[in-house]
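Undergrad: Attaching a single structure in structure tokens format; questions to follow.
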Amino acid sequence: MADPIQLQHLQTGSLSAERQYQSQRNLPELQKRLFEAEVLKQFELTQHTVEESEKTERNRIDGRRREQQAGNEHGPGRQKKDKESEQQPPFQQKIVKGEDGTIKHLDVKI
134 MADPIQLQHL
144 QTGSLSAERQ
154 YQSQRNLPEL
164 QKRLFEAEVL
174 KQFELTQHTV
184 EESEKTERNR
194 IDGRRREQQA
204 GNEHGPGRQK
214 KDKESEQQPP
224 FQQKIVKGED
234 GTIKHLDVKI
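One rule links them: number in the numbering used here = place in the sequence shown (from 1) + 133.
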């Protein structure tokens with residue numbers, strides 16, 4: 134008759150072999166599930182990225198529209214001018230001379 138310890142080892146080995154067989158038998162199905170889960174994850178990530186880029190594009194287009202509408206409200210040529218450009222006529226040269234008559238600064242607008 135077999136030793137009880139050997140019998141226990143044989144039963145454990147048999148159960149282990151059965152589990153391994155079942156795992157290998159179910160392996161293609163498990164791999165398929167993992168693949169499907171990864172594909173779904175990538176699809177959701179892509180959808181999220183597409184939605185974010187569409188929002189960004191819409192915001193950019195809306196910003197352009199607002200700028201154009203603001204520009205149209207002022208009308209062409211109705212933009213505010215700087216005080217400095219209003220005071221000085223165009224093409225005026227600014228010459229700063231020192232006490233001895235030498236030119237210290239020459240500002241020429243072209």
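Every residue gets a Cβ at the ideal spot worked out from N, C-alpha and C, and that includes glycine.
This structure is a prediction, so every number in the text was calculated from the model and none was measured.
So, are the CB atoms of D240 and K227 less than 7 Å apart?
TA: yes
Undergrad: From the DSSP output, in three-state form, read off D195 for me.
TA: Three-state result, D195: helix.
Undergrad: Taking the beta strand (DSSP E) that D240 belongs to, which residues open and close that run?
TA: Boundaries of the beta strand (DSSP E) harbouring D240: I236 to D240, taken from the DSSP string.
Undergrad: Excluding the 5 residues preceding and the 5 following Q153 in the sequence, name in chain order all residues of the same chain whose CB lies nearer than 6 Å to its CB.
TA: Cβ contact annotation for Q153 (same chain, cutoff 6 Å, sequence separation greater than five): none.
Undergrad: Let me check one thing: in DSSP terms, what residues is I102 bridge-paired to?
TA: Nothing about residue 102 can be reported from this structure: the residues present for the chain run from 134 to 243 only.
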